[in-house]
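K.L.:
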Amino acid sequence: SAFTQVLIEDSSCVPLPEALAGHFPGAANGRGERKAMLKVDAMLDVKHWVLRRLAVNPYSKNDQSQAGVAVESVDPGTLLIRDLGYFTCASLLDVDAKGAFFLTRLKYGVGLCDTDGRAVRLEELLKEGHVLDRRFLMGKMRLPVRLVAIPLPREAADERRRKAAKDRDRRLNHSADYIHRLGWTILVTNVGQDVWTTAEVAVAYGYRWFVETLFKTWKSHFNLDGQPCRTK
46 SAFTQVLIED SSCVPLPEAL AGHFPGAANG RGERKAMLKV DAMLDVKHWV LRRLAVNPYS
106 KNDQSQAGVA VESVDPGTLL IRDLGYFTCA SLLDVDAKGA FFLTRLKYGV GLCDTDGRAV
166 RLEELLKEGH VLDRRFLMGK MRLPVRLVAI PLPREAADER RRKAAKDRDR RLNHSADYIH
226 RLGWTILVTN VGQDVWTTAE VAVAYGYRWF VETLFKTWKS HFNLDGQPCR TK
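Position 22 of the sequence shown, counting from 1, maps to 67 under the numbering used here, and the rest follow consecutively.
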């Protein structure tokens, strides 16, 4: 009730006939052949159950490239919930400047300062089994945010760390700090404690799965994923 709209943005990929690779280039395989694939970017208003934005792009256009464009659909009083793929400090600053609100996971590597402008190491503040709910200045733009870190159950944290250890892309070179953070769900928002408790921040982020259900519906019932391609 604190927001005029609650927008959830996400994207989904759809394979296309290979003849369309020139228009909708996908990822290349081991032989350097590029398949055809498009990306559907949707912004669902779960408060009114309508689509506020729908864009079709090539697979090669990543979610971050849409982060700023999508802000045009955000009005004052709107809450925008997005996954990590859309994370850019510039787009979050634009949302805040419009008198709107955001909720997203924190991207690893983005700097944090305390409210006096002193750099802080988040890893030193994350204590096992303890929730963190504090205000920081985020990124080079020093965007004021509320950071909420909620510890995961030990089994879930261990599973995350096992997957990170098996990561085939050695260029990522996961640091000890990164591995430590995997024990928490770390969210940033500009919604104050007068609107959400710490627990409600996590509940609100869970609503992001509504748009995943929307994509599954399109693919299952509208045959969106059933176009002829190399495997069909």
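Built from N, CA and C at the ideal position, the CB exists for glycine as well.
Can you look up V176 in the DSSP assignment and give me helix, strand or coil?
P.N.:
Translated into positions along the sequence shown, residue 176 becomes position 131. Coil at V176, not helix or strand.
K.L.:
Does the beta-carbon of L99 have 16 or more other beta-carbons within 10 angstroms, so that it is buried, or is it exposed?
P.N.:
Counting from one through the sequence shown, the residue named residue 99 turns up at place 54. By the 10 Å Cβ count, L99 comes out exposed.
K.L.:
Comparing C-alpha positions only, which one of K264, Q238 and D86 sits nearest to D108?
P.N.:
Residue 108 sits at position 63 when you count from the first residue of the sequence shown. Comparing Cα-Cα distances from D108 to each of K264, Q238 and D86, the minimum goes to D86.
K.L.:
Measure the beta-carbon distance from L227 to R205 and round it to whole angstroms, keeping in mind my assumption that it falls under 8 Å.
P.N.:
The sequence position of residue 227 within the sequence shown is 182, counting from 1. The sequence position of residue 205 within the sequence shown is 160, counting from 1. Correct: roughly 4 Å between the Cβ atoms.
K.L.:
Using 10 angstroms around the beta-carbon of D55, count the other beta-carbons present and answer buried if the total reaches 16, otherwise exposed.
P.N.:
Within the sequence shown, the letter at position 10 stands for residue 55. The residue is buried, with at least 16 neighbouring Cβ atoms inside 10 Å.
K.L.:
Using DSSP's beta-bridge definition, name the partner residues of E78.
P.N.:
Position 33 of the sequence shown, counting from 1, holds the residue named residue 78. For E78, which the question treats as bridged, DSSP gives no partner whatsoever.
K.L.:
Assuming D90 and V119 form a contact by the criterion Cβ under 8 Å, report the distance between their Cβ atoms to the nearest whole angstrom.
P.N.:
The residue you call residue 90 lines up with position 45 of the sequence shown. The residue you call residue 119 lines up with position 74 of the sequence shown. No, D90 and V119 are not in contact; Cβ-Cβ is about 11 Å, not under 8 Å.
K.L.:
Across which residues does DSSP place C158 in a beta bridge pair?
P.N.:
Here the question's residue 158 lines up with position 113 in the sequence shown. For C158, which the question treats as bridged, DSSP gives the partners A164 and L182.
K.L.:
Using the C-alpha atoms, what's the distance from V95 back to C158?
P.N.:
Taking the first residue of the sequence shown as position 1, residue 158 is located at position 113. Taking the first residue of the sequence shown as position 1, residue 95 is located at position 50. Straight-line Cα distance between these residues: approximately 38 Å.
K.L.:
Assess contact between the segment 147-158 and the segment 111-130, defined as three or more Cβ pairs (one per stretch) separated by less than 8 Å. Is contact present?
P.N.:
Yes, they touch.
K.L.:
Within 10 angstroms of its Cβ, does Q111 collect 16 or more other Cβ (buried), or is it exposed?
P.N.:
By 1-based counting over the sequence shown, the position of residue 111 is 66. Per the 10 Å Cβ criterion, buried.
K.L.:
In whole angstroms, give me the CA-to-CA distance for V246 and F48.
P.N.:
As a position in the sequence shown, residue 246 is number 201, starting the count at 1. As a position in the sequence shown, residue 48 is number 3, starting the count at 1. About 14 Å.
K.L.:
Tell me the residue span of the beta strand (DSSP E) that contains G71.
P.N.:
Numbered from 1 along the sequence shown, position 26 holds the residue referred to as residue 71. Counting along the chain, the beta strand (DSSP E) containing G71 begins and ends at P70 to A73.
K.L.:
Counting only the same chain and skipping the five closest in sequence on each side, list residues whose C-beta sits under 7 Å from that of H225.
P.N.:
In the sequence shown, counting from the first residue as 1, residue 225 sits at position 180. Cβ within range, chain order: E168 and L171.
K.L.:
Identify which residue in M183, W229, K261 and R187 has its Cα closest to the Cα of R199.
P.N.:
Sequence index remark: in the sequence shown, residue 199 carries index 154 (1-based). Out of M183, W229, K261 and R187, W229 has the C-alpha closest to the C-alpha of R199.
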